[in-house]
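In our numbering, the protein residues as written are 25 to 156. Note sheet for the following structure.
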Amino acid sequence: MNSFITFLRHYWPTLIVVGVILYATLSSDPTGDVSFEIPHLDKLIHAIMMGGLVGAIAFDYKRAERQRQLTFSFMSKVALCVMVACIADELAQAYLTDSRSGDIFDLLADWTGVWVAVFTAPPAVNRVLRQR
Numbered sequence: 025m026n027s028f029i030t031f032l033r034h035y036w037p038t039l040i041v042v043g044v045i046l047y048a049t050l051s052s053d054p055t056g057d058v059s060f061e062i063p064h065l066d067k068l069i070h071a072i073m074m075g076g077l078v079g080a081i082a083f084d085y086k087r088a089e090r091q092r093q094l095t096f097s098f099m100s101k102v103a104l105c106v107m108v109a110c111i112a113d114e115l116a117q118a119y120l121t122d123s124r125s126g127d128i129f130d131l132l133a134d135w136t137g138v139w140v141a142v143f144t145a146p147p148a149v150n151r152v153l154r155q156r
C-alpha cells in the first residue's frame, strides 16, 4: 500500500492527463456545443494530447527520480508504451462507443505527437526542474 501511495504522490499529474485523454477520446461530445472551423484541428489536438502524456510522464519521472537522466533509451520505452495505448484508444473508440470511430489518421497524429515529445520533453523538463 505504501508503494501505491508513493506512486500516486509522484505520478498524479500523469494520471490527470490520462483521465482527460480518456474523457476527450471516449466521450460522445467532449467539446459540447463548441464547433471548430479549422481544418484538421482534431489531428493537432491528438498530437498535443499524446505528446502531452509523454511530457507528463517524463516530468513526473524526473521529479520523482532527480538523479536519473531522461535518456533516449528511457524516452523510447515511454514512447512505445504510449503508442500501444494510442492503438488501444483508437480501438476503444471504434468498438466501445456508438458515437466515435477509430481513425488511422488520428493514430498517426497521436504517434507524431509522441515522437515530437520524445525529443522536446527532456530539455524542457530539465529546464523547468532546474528553476525550482
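Note that the Cβ used here is the ideal one computed from N, Cα and C, for glycine as well.
Use the C-beta contact count for Thr-49: other C-beta atoms within 10 angstroms, 16 or more gives buried, fewer gives exposed.
By the 16-neighbour rule on beta-carbons within 10 angstroms, Thr-49 is buried.
Please check the pair Ala-80 and Pro-37, which I expect to be a contact at CB under 8 Å, by giving their CB distance rounded to whole angstroms.
The beta-carbon distance between Ala-80 and Pro-37, rounded to whole angstroms, is 5 Å. This is short enough to meet the 8 Å contact definition.
Between the Cα of Gly-137 and the Cα atoms of Arg-124, Ser-97, Ser-123, Leu-104, which residue gives the shortest distance?
Check the Cα spacing between Gly-137 and each of Arg-124, Ser-97, Ser-123, Leu-104: the tightest is with Leu-104.
Supposed close pair Cys-110, Asp-134 - CB separation, criterion 8 Å:
Yes, they are in contact, since the Cβ atoms of Cys-110 and Asp-134 sit about 4 Å apart, within 8 Å.
Quick one, are the C-beta atoms of Lys-86 and Leu-94 less than 7 Å apart?
Cβ atoms of Lys-86 and Leu-94: closer than 7 Å.
May I ask you to verify whether the region 112 to 126 touches the region 147 to 154, counting CB pairs closer than 8 Å and requiring at least 3?
Using a C-beta cut-off of 8 Å, the region 112 to 126 makes no contact with the region 147 to 154, since fewer than three inter-stretch Cβ pairs fall below that distance.
Beta carbon of Tyr-35 nearer than 7 Å to that of Asp-84
Yes, the pair counts as a contact, with Cβ atoms nearer than the cut-off.
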